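Participant: Using our numbering, the first residue of the sequence shown is number 82, and each one after it goes up by one.
Where is the CB? At the ideal position from N, CA and C, for every residue including glycine.
Bear in mind that the values here come from a model prediction, so they are computed numbers and not experimental data.
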Amino acid sequence: MNDAAPASNTPRRARVRAPELIGKGGWLNTGGKEYTLADFRGRILILDFWTFCCVNCLHVLDELRELEERHRDTVVIIGVHSPKFVHEAEHQAVVDAVERYEVEHPVLDDPELATWKQYAVRAWPTLVVIDPEGYVVAQHAGEGHAHAIETLVAELEAEHEAKGTLRRGDGPYVPPEPVATDLRFPGKALRLPGGTFLVSDTTRHQLVELAADGETVLRRIGSGERGFGPDSFSEPQGLALLPDGKVAVADTVNHAIRTFDPETGEIATVAGTGKQWWQGSATSGPALDVDLSSPWDVAWWQDRLWIAMAGVHQLWTYDQATGTVGAAAGTTNEGLVDGPAAEAWFAQPSGLAAAGDRLWIADSETSAVRWLDTDLVVHTAVGTGLFDFGHRDGAASQALLQHPLGVTALPDGSVAVSDTYNHALRRYDPATGEVSTLATDLREPSDAVLVGGEGSGDPEIVVVESARHRLTRLRLPEEAVRVESVAHRTQRAATEVGPGKLRLDVIFQAPAGQKLDLRYGPSTRLLVSSTPPELLASGDGADTDLARDLVLADGVTEGVLHVSAMAASCDDDPAIEYPACHVHQQDWGVPVRVVEGGTERLALVLAGMDEGAAQQ
Numbered sequence: 082m083n084d085a086a087p088a089s090n091t092p093r094r095a096r097v098r099a100p101e102l103i104g105k106g107g108w109l110n111t112g113g114k115e116y117t118l119a120d121f122r123g124r125i126l127i128l129d130f131w132t133f134c135c136v137n138c139l140h141v142l143d144e145l146r147e148l149e150e151r152h153r154d155t156v157v158i159i160g161v162h163s164p165k166f167v168h169e170a171e172h173q174a175v176v177d178a179v180e181r182y183e184v185e186h187p188v189l190d191d192p193e194l195a196t197w198k199q200y201a202v203r204a205w206p207t208l209v210v211i212d213p214e215g216y217v218v219a220q221h222a223g224e225g226h227a228h229a230i231e232t233l234v235a236e237l238e239a240e241h242e243a244k245g246t247l248r249r250g251d252g253p254y255v256p257p258e259p260v261a262t263d264l265r266f267p268g269k270a271l272r273l274p275g276g277t278f279l280v281s282d283t284t285r286h287q288l289v290e291l292a293a294d295g296e297t298v299l300r301r302i303g304s305g306e307r308g309f310g311p312d313s314f315s316e317p318q319g320l321a322l323l324p325d326g327k328v329a330v331a332d333t334v335n336h337a338i339r340t341f342d343p344e345t346g347e348i349a350t351v352a353g354t355g356k357q358w359w360q361g362s363a364t365s366g367p368a369l370d371v372d373l374s375s376p377w378d379v380a381w382w383q384d385r386l387w388i389a390m391a392g393v394h395q396l397w398t399y400d401q402a403t404g405t406v407g408a409a410a411g412t413t414n415e416g417l418v419d420g421p422a423a424e425a426w427f428a429q430p431s432g433l434a435a436a437g438d439r440l441w442i443a444d445s446e447t448s449a450v451r452w453l454d455t456d457l458v459v460h461t462a463v464g465t466g467l468f469d470f471g472h473r474d475g476a477a478s479q480a481l482l483q484h485p486l487g488v489t490a491l492p493d494g495s496v497a498v499s500d501t502y503n504h505a506l507r508r509y510d511p512a513t514g515e516v517s518t519l520a521t522d523l524r525e526p527s528d529a530v531l532v533g534g535e536g537s538g539d540p541e542i543v544v545v546e547s548a549r550h551r552l553t554r555l556r557l558p559e560e561a562v563r564v565e566s567v568a569h570r571t572q573r574a575a576t577e578v579g580p581g582k583l584r585l586d587v588i589f590q591a592p593a594g595q596k597l598d599l600r601y602g603p604s605t606r607l608l609v610s611s612t613p614p615e616l617l618a619s620g621d622g623a624d625t626d627l628a629r630d631l632v633l634a635d636g637v638t639e640g641v642l643h644v645s646a647m648a649a650s651c652d653d654d655p656a657i658e659y660p661a662c663h664v665h666q667q668d669w670g671v672p673v674r675v676v677e678g679g680t681e682r683l684a685l686v687l688a689g690m691d692e693g694a695a696q697q
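#1: Check whether the Cβ atoms of Met690 and Ala227 sit closer than 9 Å, and answer yes or no.
#2: Just to confirm before moving on: does the CB-CB distance between Leu482 and Ala449 stay below 9 Å?
#3: Among Ser315, Ala293 and Pro274, which one has its Cα closest to the Cα of Ile302?
#4: Please list, in chain order, all residues of the same chain as Val371 whose beta carbon is under 6 Å from its beta carbon, the five residues on each side excluded.
#5: How many whole angstroms separate the CB atoms of Phe278 and Val530, which I take to be in contact at a CB cut-off of 8 Å?
#6: For Tyr182, name the three-state secondary structure that DSSP assigns.
#7: Report the start-end ranges of each beta strand (DSSP E) in the region 635 to 670 that is 3 residues or longer and not cut off at the edges.
#8: Can you say whether Pro613 is buried or exposed, counting buried as having 16 or more other CB atoms within 10 angstroms of its CB?
#9: Does Val567 pass the burial test, meaning 16 or more other C-beta atoms within 10 Å, or should it be called exposed?
#10: To the nearest angstrom, report how far apart His472 and Val488 are at their CA atoms.
#11: If we ignore side chains and look at the alpha-carbon of each, how far apart do Arg265 and His172 end up?
#12: What would DSSP say about His221, mapped onto helix, strand or coil?
#13: Extract the residue ranges of the beta strand (DSSP E) inside the region 441 to 520, only unbroken runs of 3 or more that lie entirely within it.
#14: Can you tell me which of the three DSSP states Pro421 falls into?
#15: If we ignore side chains and look at the alpha-carbon of each, how far apart do Pro213 and Leu237 end up?
#16: With a threshold of 16 other CB atoms inside 10 Å of the CB of Pro526, please say whether the residue is buried or exposed.
#17: Taking the alpha helix (DSSP H) that Ala235 belongs to, which residues open and close that run?
#18: Pull up the distance between the alpha-carbon of Ala423 and that of Trp452, whole angstroms please.
#19: On a Cα-Cα basis, can you pick out the residue from Pro267, Tyr399, Gly252 and Ser281 that is closest to Leu323?
#20: When you compare the CB positions of Glu515 and Ala490, do they come within less than 9 Å of one another, or not?
#21: When you compare the CB positions of Leu608 and Asp626, do they come within less than 9 Å of one another, or not?
#22: Is the separation between the beta-carbon of Arg554 and that of Val544 shorter than 9 Å?
#23: Comparing C-alpha positions only, which one of Leu118, Gly276 and Val179 sits nearest to Glu296?
#24: Quick one: residues in its chain with C-beta nearer than 7 Å to the C-beta of Thr501, no 5 flanking neighbours on either side, listed in chain order?
#25: Which value, in whole angstroms, describes the spacing of the CA atoms of Arg124 and Val156?
#26: Rounded to the nearest angstrom, how far is the Cβ of Thr518 from that of Val564, given a contact under 8 Å?
#27: In the DSSP assignment, find the beta strand (DSSP E) that holds Val686 and state where it starts and stops.
#28: Measuring CB to CB, does Val298 end up less than 9 Å from Asp263?
#29: Buried or exposed: where does Glu446 fall if 16 or more other Cβ atoms within 10 Å of its Cβ makes it buried?
#30: Going by other Cβ atoms of all chains shown within 10 Å of its Cβ, with 16 needed for buried, is Gln287 buried or exposed?
#31: Note down the Cα distance separating Ala389 from Ala688, rounded to an integer number of angstroms.
#32: I'd like to know whether the C-beta atoms of Phe133 and Tyr182 end up nearer to each other than 9 Å.
#33: Less than 7 Å between C-beta atoms, sequence neighbours within five positions excluded: which residues of the same chain meet that for Arg272?
#34: Along the chain, where does the alpha helix (DSSP H) that runs through Asp282 open and close?
#35: At which residue ranges does the region 527 to 607 contain complete beta strand (DSSP E) runs of 3 or more residues, listed in the order of the chain?
#36: In the DSSP assignment, find the unbroken alpha helix (DSSP H) run with Leu139 in it and report its ends.
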């Protein structure tokens, strides 16, 4: 029997004992103390499987903040850091990320994915709820589950208070010692017309103007407190100069575009509502009425402000003349697909640079450099997809990057790439089709600004070294740096599946007190595709059923199944005239290998528990 009350229309489930918490990197935010699962007996435990490259994981961190505060004496949230990229397996990088994103709960650094495997996790982010007696009672993949978990926590508190198995008290979180620096994990930079630099001081929720030397602080803009008020930002990132002299600011966690007037100091909101965009929300309209999702960078191109909408894997535009916004490129599916803008796929576009007839794009999760032409067609210069990355120079067709966050147009028509997780500045030259390395030993560079050149001295480039909390000035070298070539694949093991028919089950159980929202037709959506497309003989495409039979094609032995699922549920109480509704959604990229004797069923948990797995 499962101690947690399940959704009213589902049977009670078998109890599953939670596996131990193992992580070679050890514990963060605990004052140096090591913990085991037994140490949390009597508390409600929420494991947040995350990795710091993943924008959806960052969304979940924000979703959990209120719940964490309200239930601080009964609930312990533990972030289980489970890396995708090689850089994310570095312990110091995890330490930096925990501070950068203001994670205020213990974090287990699991570089070898030991706990990830024990809990059979398949996606970032995934939340697992463990009751005070040490049993798994729920699993949720993706975003939008905060309300469901809040309801479950209240039930668990009441149930285990009555049983005498709930232990209240202070949590294990111990904040790290603050460090004094002028900048703290800066994101992007912009050179103002007067020669000074404007920098998004992301972790301190401010903009900072630095003198032309790139070091002397002239002024700070914003209160420094996380918020959406007239004098506050929330993890701002991209900056772009507008034709009227104001600066557009990608106010990332506020899901908004703001403007800052360097002359008057005024901050204004020009796009976004402060709420995150969800499937089914408007994709165009008056800018202040349309929700956005984690805008990461901005650039003025073709008489529009282009927005790298990392949270939904799209590019949007803001028309300053009409005060409207709209989706301009990308389908919201995560991956690398070129072609007409409306059909292209992106994966967390995080950097933009306008250069004549091209808009350069740093597409971070595919470790790619891409561009949009004036006919609104998307092209890829460097990168092959979600799972291959590394540091390899040479012909762009085989060159590798690792999660780049910034692109900078250079005077000769080439583009400098802030190759963030390789700690390097790279260059792609369209004229030769070659990729080279300009500089190494930069700590998580996230942006770069060109200065000089064109009659004002030798060109230099100022790099935002985010994890060194500074701007670094470099001369553009005449020759590339020689770097030993390395290539990586994400360390997630492929799922072995049998040839022929494969049953795909997306598990979704409406939270207690809720039901599927059927007022306007089906409330679920399932979209399936594959890389390569030839992997699937049938079963791809969109439908409303969360279960589907796929047929794997003969002769294709491996690939990736792309699965996107969404479900909407509402309060199940006829007395409520306007029931609250919640959207749950997740994208999976599942590497598969076709072998005789492989599984014939692939179960992906969106919310709830997989009964088949629990009974094995």
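Facilitator: Per the coordinate set shown:
#1: By the CB criterion at 9 Å, Met690 and Ala227 fall outside the cutoff.
#2: Taking 9 Å as the Cβ cut-off, Leu482 and Ala449 qualify as a contacting pair.
#3: Residue Ser315 is the option with its Cα nearest to Ile302.
#4: Closer than 6 Å at Cβ, skipping near neighbours: Ala363 and Val406.
#5: Confirmed, about 7 Å.
#6: Three-state result, Tyr182: coil.
#7: Correct list: 639 to 652.
#8: Burial call: exposed.
#9: Counting C-beta atoms within 10 angstroms of its own C-beta, Val567 has fewer than 16 neighbours from the protein chains shown and is therefore classed as exposed.
#10: Rounded to the nearest angstrom, the gap between the Cα atoms of His472 and Val488 is 17 Å.
#11: Arg265 and His172: Cα-Cα distance of roughly 19 Å.
#12: Three-state DSSP puts His221 in a strand.
#13: Within the region 441 to 520, the runs of beta strand (DSSP E) that reach at least 3 residues and sit entirely inside it are, in chain order, 449 to 454, 458 to 463, 469 to 472, 487 to 490, 496 to 500, 505 to 510 and 515 to 520.
#14: Looking at Pro421 - three-state DSSP - the assignment turns out to be strand.
#15: Each residue's Cα considered, the two are about 8 Å apart.
#16: Counting of Cβ neighbours within 10 angstroms places Pro526 among the buried residues, the total reaching 16 or more.
#17: Bounds of the alpha helix (DSSP H) holding Ala235 are Ala227 to Lys244.
#18: Distance from the CA atom of Ala423 to the CA atom of Trp452, rounded to whole angstroms, is 14 Å.
#19: Leu323 has its Cα closest to that of Tyr399, out of Pro267, Tyr399, Gly252 and Ser281.
#20: Result no, Cβ atoms of Glu515 and Ala490 do not sit closer than 9 Å.
#21: Between Leu608 and Asp626, the gap from beta carbon to beta carbon reaches 9 Å or more.
#22: It is a contact, given that the beta carbons lie within the stated cut-off.
#23: Of Leu118, Gly276 and Val179, the residue nearest in Cα terms is Gly276.
#24: Contacts found: His484, Pro485, Leu486, Glu525, Pro526 and Ser527.
#25: Taking the straight line from one Cα to the other gives about 6 Å.
#26: Contact between Thr518 and Val564 holds: their C-beta atoms lie close to 5 Å from each other, under 8 Å.
#27: Where Val686 is concerned, the enclosing beta strand (DSSP E) starts and stops at Arg682 to Gly689.
#28: A Cβ-Cβ contact shorter than 9 Å links Val298 with Asp263.
#29: When all chains shown are included, Glu446 counts as buried.
#30: Sixteen is the threshold: when 16 or more other Cβ atoms of the shown chains lie within 10 Å of the Cβ of Gln287, as they do, the residue is buried.
#31: About 29 Å.
#32: Result yes, Cβ atoms of Phe133 and Tyr182 sit closer than 9 Å.
#33: If we look at Arg272 and ignore the five residues flanking it on each side, its Cβ neighbours are Phe278, Val530 and Val532.
#34: Per DSSP, Asp282 belongs to no alpha helix (DSSP H); it is in the beta strand (DSSP E), Phe278 to Asp282.
#35: As far as the region 527 to 607 is concerned, its whole beta strand (DSSP E) runs of at least 3 residues are 541 to 546, 551 to 556, 567 to 570, 576 to 578, 582 to 589 and 595 to 597.
#36: Its alpha helix (DSSP H) spans residues Val136 to Arg151.
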